[in-house]
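Here is the structure we will look at, set down as structure tokens.
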Amino acid sequence: MKGREEHKYKSESKMRALLRDKPQYFTGYYNGLFNSCEYLTAQNYTMTAVRFMNYLKENGFIESIEDCNGAMTIDNVNSYLSCLRGRDGGYSSDSAKATTYTALKSFADYLLSRKMISENPFDCGIKRVSVKDPLKQVAMTAAELKKVVERINDNSIGTKRANARREAWKERNLAIFTLLMVTGIRVTALTELNMEDIFWDQKIIRVTDKRRNTYECELDDDSMDILRNWVIKRAELLNKRDCNALFISNRRTRITDKSVRDLVKAYTADFEKHITPHKFRSTFATLLYDQTGDIAYVQQLMNHSRPDTTQRYIVRKPINAEAAKYVNSLLK
């Protein structure tokens, strides 16, 4: 099974099990999304709807989550949006609220289409959440990237016991970080790579990205050697078990997005910046732009449809004394 199909199947199975004891309208909403959106969008929007209805019941706004008409009011939606919190317990960002707003509007549209509510509150006075907080991109330096590679090779983080477990997976970890560094690949696309997505003679990997968009990444000789070393170790670890995933877990099944995030966290825990797999993507864009100054070229390699999307990934350097001195020289 292709990596994306495998992820989609697992996501669907998880959602169907979760919705089994929920009111039928949740499943109806999910089915409509699943047939028209990305599977992760369907999952996230449906879970937003579930959390919204649970919040209303737990806080006494409605007696039962069957009461959709009583739930979907202007005051209830605004109350929910105002109390959203982030993982750190602080207030959610404007962008997170905007995503929740869009999901709840979609949910209300569905309920109205099924005549489960008499009017859509989003058409009657709920204002769209405006995103005011700046999106601050974080990029790693070349020195920080080098430090990550050194830590993988030296197996020099954590306890002796943890390092002993990690020793057998050095080749995998190095291959994962290498692809994150040299391609800017998204973490989900990384975990969905299969063995047949590597074209050894052409030195290419085939990536299936969001919205099933497929593109190819050319790799240099060093990166191909790192991949080759991992594939040899992978065969040893699988010991003839059947698995076509390029990157496997200690359970000998396809590695998950969470496992990759945990790996990144482990190797960058003491960095001043908060590093996630996606930060490698902004690092790739920033380093490449710094080297070339060509936004169109970076856009192409990032597989973005619009240059302004690429611009958001690039970490701009602050104006420094040299820049100020240069501009002042032009005025003399």
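According to UniProt numbering, the sequence shown is numbered sequentially starting from 1.
Every residue gets a Cβ at the ideal spot worked out from N, C-alpha and C, and that includes glycine.
query                                                                                                : result
Per-residue burial, Arg-16 [other beta carbons within 10 Å of its own, 16 or more giving buried]     : exposed
Within the segment 116-181, ranges of the alpha helix (DSSP H) (whole runs, at least 4 residues)     : 142-154, 160-167
Complete alpha helix (DSSP H) runs within the segment 15-67 (minimum length 4 residues, chain order) : 24-36, 39-58
Same chain, Cβ closer than 7 Å to Lys-105, five either side skipped, listed in chain order           : Phe-122
As assigned by DSSP and simplified to three states, the class of Arg-251                             : coil
Extent of the continuous alpha helix (DSSP H) to which Arg-114 belongs                               : Arg-114 -> no alpha helix (DSSP H), and no H or E assigned at all.
C-beta atoms of Leu-190 and Val-149 nearer than 9 Å                                                  : no
Thr-73 in three-state terms, based on DSSP                                                           : coil
Length of the line joining the Cα atoms of Thr-46 and Asp-154                                        : 44 Å
Proximal residues to Arg-114 (C-beta, below 8 Å), its chain only, five neighbours per side dropped   : Tyr-25, Gly-28
Ile-295 - partner residues in DSSP beta bridges                                                      : DSSP lists no partner for Ile-295.
Identity of the residue in Phe-34, Thr-214, Thr-183, Ile-126 nearest residue 342 by Cα               : No statement about residue 342 is possible, as the shown extent of the chain runs from 1 to 332 and does not include it.
Arg-234 - containing alpha helix (DSSP H), residue span                                              : 221-238
Between the CA atoms of Lys-147 and Asn-78 - distance to the nearest angstrom                        : 46 Å
Cβ-based neighbour list, Asp-197, same chain, cut-off 6 Å, excluding 5 preceding and 5 following     : Ile-205, Arg-206
Residue(s) in a DSSP beta bridge with Asn-194                                                        : Ala-245
Residues near Ala-321 in its chain [Cβ-Cβ closer than 8 Å; skip 5 each side]                         : Reliability fails at Ala-321, whose pLDDT of 43 lies under 50, so the model's placement of it is uncertain and no value is given.
C-alpha gap between Asn-163 and Ala-108, whole angstroms                                             : 50 Å
Reference Ala-42; option with closest CA among Cys-83, Leu-84, Lys-127, Ser-11                       : Ser-11
Environment of Ser-223 [buried if 16+ CB atoms lie within 10 Å]                                      : buried
Simplified DSSP state of Glu-12, which is helix, strand or coil                                      : helix
Reduced DSSP secondary structure (H/G/I, E/B, other) of Glu-6                                        : helix
Identity of the residues DSSP links to Thr-214 by a beta bridge                                      : Thr-208
Inter-residue CB distance, Lys-233 and Arg-172 (contact presumed, cutoff 8 Å)                        : 7 Å
According to DSSP, residues forming a beta bridge with Phe-199                                       : Ile-204
Asp-257 - containing alpha helix (DSSP H), residue span                                              : 257-268
Same chain only: Cβ atoms within 7 Å of Tyr-55, ignoring 5 sequence neighbours per side              : Tyr-80
Straight-line Cα distance separating Leu-84 from Asp-201                                             : 51 Å
Residue environment, Tyr-101, which counts as buried when at least 16 other CB atoms sit within 10 Å : buried
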